[in-house]
Amino acid sequence: MIRPQVIYGSDDRIDVYEEQDPLRQRLARATCGLFSSSRVVNNGDGTYTLSLSSWRYSNLPPCSGEPFAGQPVGAFCTGFLVGPDLIATAGHCYDASDLSATRFVFGFQMLDGQTPVRKVDASQVYRGIQIVGRQETSTIDYAVIRLDRPVTAPGALPLPIRRSGTVPIGTRVGAIGHPAGLPLKLAFGAQTEVKRNSHTGYFEANLDTYGGNSGSPVFNADTGVVEGILVRGAPDYVVRSNCFESNRLSDSEGTEDVSKTTTFVQFIPPLSPSLRFLADVYGCQQTLEIELYRPEGADAAQVIVTSLRGDAEELTLTPAGDPRYLIGTLLLVPIDNTIEPGNGRLETWHLDEVSVATLDGELSDTALIDCMPFDRVAVQAIETGIHHLTLDFRTSDSASIVAEIFAEGSSERKTLLGETKVKQRQITVSGLEPCTLYTVEIISLTDLAGNLYQPPPRDRVFHFRTKVPGPHTLFEPFDSGAAAGWTHASTAGPDRWMARQHAFAVSQPYVFSYLPAAAEVTDARLVSPVVEHATEVMTFWHTYEFEEGYDGGVIEISTNGGASWTDLGPYIVEGGYDGVISTSYNSPIGGRGAWTGGALGAMRHVRIDLSSFPPPFQIRLRFTTDVSVVPDGGGGWLIDDVQINEAVVCSQSGSSGWTSYH
């Protein structure tokens, strides 16, 4: 259960783009949001789209004047980096079920007053593979999770934590996190401080935080050391007649509970001193960026930077807001005639290796110099469907790609971004027209050193043609009032799936439908026959009326005889989900995307790409409600003309093999 929090005194929360303090900017980059995996959609191109929703409470919008009212929500808790692959959060935010159901997302924030981040790079998304330590009691509340790989999100470095002793009363503190699931906020108020510290497992502070801030790091405002994890607080909101607003108390009226880091420090190895270049590869005229971490802090430090070509420069590193992190820069210049050590510039050339080391030689790092762009790119359609193409891009060097795709005779172009800098990546393009010739044009490629390659016009174009629907392998219009081979049952609440005559039927007179009745939790499933043949696309028609944000329908697929089911939401290319179900009130699909809200009327078309799922498989539609529902006669889910088709090659063809340009 997510614990609520509140505002004390003036609202201290600001967006990341408003923060001017470099230390706090650094702390924010190490803070992440916990998202339901259904809200983090893999685009197949090295990026993920965040499925965000409007900020609501008890199905009401924020009142006029409520801060951040126009911003979307997505995260359900907050976490922070405490080791190269370790995240700390509240115990009530994460348990064993979240290893598969939750993603850790860095960088969900506002870019300016109007623009939230909706797409992130793969380097910003992680999943847990092990709960290293966890406790959830009335006094101690923490979880430490090992991730699937070390974190490489931009600027995300492990945060230092208090490892012994206790934070004194009166110490100024602040929190960074996702209040109510909003984009990342910082809350460091002049009057925000430790108020009480008499408990073994937690202390109390008047922090401006909400549900969604649970799991947030609470910092010593002066040093940046994490003192604890935000876990509990006073109620968030006051509900008015048609909106809600923040619950506001004076700075002396109450406090939030913060689990002490000393209760879980045994699970987090101490951070060691380190020296590193901030990039692995640099271009010939770029600036080297060097960072030294000293746990004890320092006013300055000397390092020596050398190149294999024979240059050597001494550099002074100084703190950038935090005395533990010392930063320095050094300009790279191409070798002219002679190398001049000690001139304040490092002279180098293509494929040189540069090194940095402390004067005692105990710490060091290396980076590669790359002065020349690559000269080769190839594209192949490794999967061609009716409405999609999966394109394989290969380059002679690791690079990010900007390309465009457009249909023959059309001026409308769609940009494809392969942002992950690797030699090979696959990008799936959906929403295409059948039997249509598409052109893929390479616009630019950028290697690890930032070298830009723009192929000449004759060497940048590739052509591919989509397929057409073939014979259907399943078609169910429900015309006879029956559904041959289909089954239905309910694991909670009544099973009210049945064929009904209805004016909204596409193929008159029948639809297959579920009409709710009792006000109770419901999870009723309609399951298709087994589909034995390879297929490409599923379509059906439906109309629905659910209690918006609380009840809804989803569609799932199983390729292992029903042992497990995968949500097809990310594969819907037409008529997709239109909301997210609340995690309150015990909905069986709380936190997931779904069809929700709506009003019964003319049916709408849904098209789903099934090309990623080999046969045999089954499809199921789940009708779900929480503890209250729209009464019988006022809602439900009506479905008609379910069809699954295979794909066949169009009579015309485009290029489908490798084409390389030099």
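Quick note on the working numbering: the sequence shown kicks off at 4 and runs consecutively.
Even for Gly, the Cβ is constructed at its ideal location relative to N, Cα and C.
This structure is a prediction, so every number in the text was calculated from the model and none was measured.
query	result
Hey, is the region 309-322 in contact with the region 258-274, meaning 3+ C-beta pairs nearer than 8 Å?	no
What is the rounded straight-line gap between the Cα of R397 and the Cα of E649?	29 Å
Less than 8 Å between the CB atoms is what I'm expecting for R625 and V557, so what's the real figure, rounded?	5 Å
Cα-Cα, which of S483, F38, Q427 and F478 is closest to N216?	F38
Using only the alpha-carbon positions, how far apart do R235 and S277 sit?	35 Å
Could you give the C-beta distance for Y517 and Y553, rounded to a whole number, given that I count them as a contact under 8 Å?	Y517 to Y553, Cβ: 16 Å. No contact.
Does the ligand ZN have a heavy atom nearer than 6 Å to the CB of A31?	Judged by which ligands are present, the structure shown has none, so any question about the ligand ZN falls away.
Could you tell me whether the region 301-318 touches the region 347-355, using the rule of 3 or more Cβ pairs below 8 Å?	yes
Check Y328 in the structure and name its three-state DSSP category.	strand
Given a cut-off of 7 Å, decide if F515 and I560 are closer than it, judged by their beta-carbon atoms.	no
At the level of alpha carbons, what is the spacing between L333 and I90?	33 Å
Count the other CB atoms within 10 Å of the CB of N209; is the residue buried (16 or more) or exposed (fewer)?	buried
When you compare each of A178, T203, P186 and S447 to G192 by their alpha carbons, which one comes out closest?	A178
If you check the beta carbons only, do V443 and V382 fall under 7 Å apart?	yes
Going by the beta-carbon positions, is the gap between Y285 and A99 smaller than 7 Å?	no
Would you say P437 and T387 are within 7 Å of each other, going by their C-beta atoms?	no
Pick from T50, P70 and T92: whose alpha carbon is nearest that of S126?	T50
Hey, quick one: how far does the beta strand (DSSP E) through R32 stretch, first residue to last?	Element bounds for R32: not the beta strand (DSSP E) but the alpha helix (DSSP H), P25 to R32.
Is V633 helix, strand or coil when you go by DSSP?	Residue placement at V633 cannot be trusted, given a pLDDT of 49 that sits under 50; the coordinates are not used to answer.
Nearest-angstrom Cα distance between E343 and L311?	14 Å
So what does DSSP say about S403, is it helix, strand or coil?	strand
Measure from the alpha carbon of S57 to the alpha carbon of each residue in P70, V336, G77 and C66, then state which is nearest.	G77
Less than 7 Å separating the beta-carbons of G86 and Q138?	no
Is it buried or exposed, R152, if we count other Cβ atoms within 10 angstroms and call 16 or more buried?	exposed
My understanding is that T290 touches G180, with C-beta atoms under 8 Å, so please give their C-beta distance in whole angstroms.	Contact doesn't hold; Cβ gap of about 33 Å is too wide.
Count the other CB atoms, across all protein chains shown, that sit within 10 Å of the CB of G412; report buried if there are 16 or more and exposed otherwise.	exposed
To the nearest angstrom, report how far apart G110 and P119 are at their CA atoms.	10 Å
As a quick exercise: from Q511, E550 and I642, pick the residue whose alpha carbon is nearest that of A522.	E550
Roughly how far, in whole angstroms, is the beta-carbon of D498 from the beta-carbon of A492, given that I think they are within contact range, below 8 Å?	6 Å
Counting Cβ pairs, one atom from each stretch, are 3 or more of them under 8 Å apart for the region 453-461 and the region 371-385?	yes
Please list the segments of the alpha helix (DSSP H) lying wholly inside the region 37-118, counting only runs of 4 or more residues, in order along the chain.	101-104
Determine the DSSP secondary structure at E21, reduced to helix, strand or coil.	helix
Assuming E294 and L281 form a contact by the criterion Cβ under 8 Å, report the distance between their Cβ atoms to the nearest whole angstrom.	6 Å
For F478, count the other beta carbons within 10 Å of its own beta carbon; 16 or more makes it buried, fewer makes it exposed. Which is it?	exposed
Cα separation between V123 and A502?	44 Å
Can you give the Cα-Cα distance for V633 and P25, rounded to whole angstroms?	Because the pLDDT at V633 is just 49, under 50, the model does not fix this residue reliably, and the point stays unresolved.
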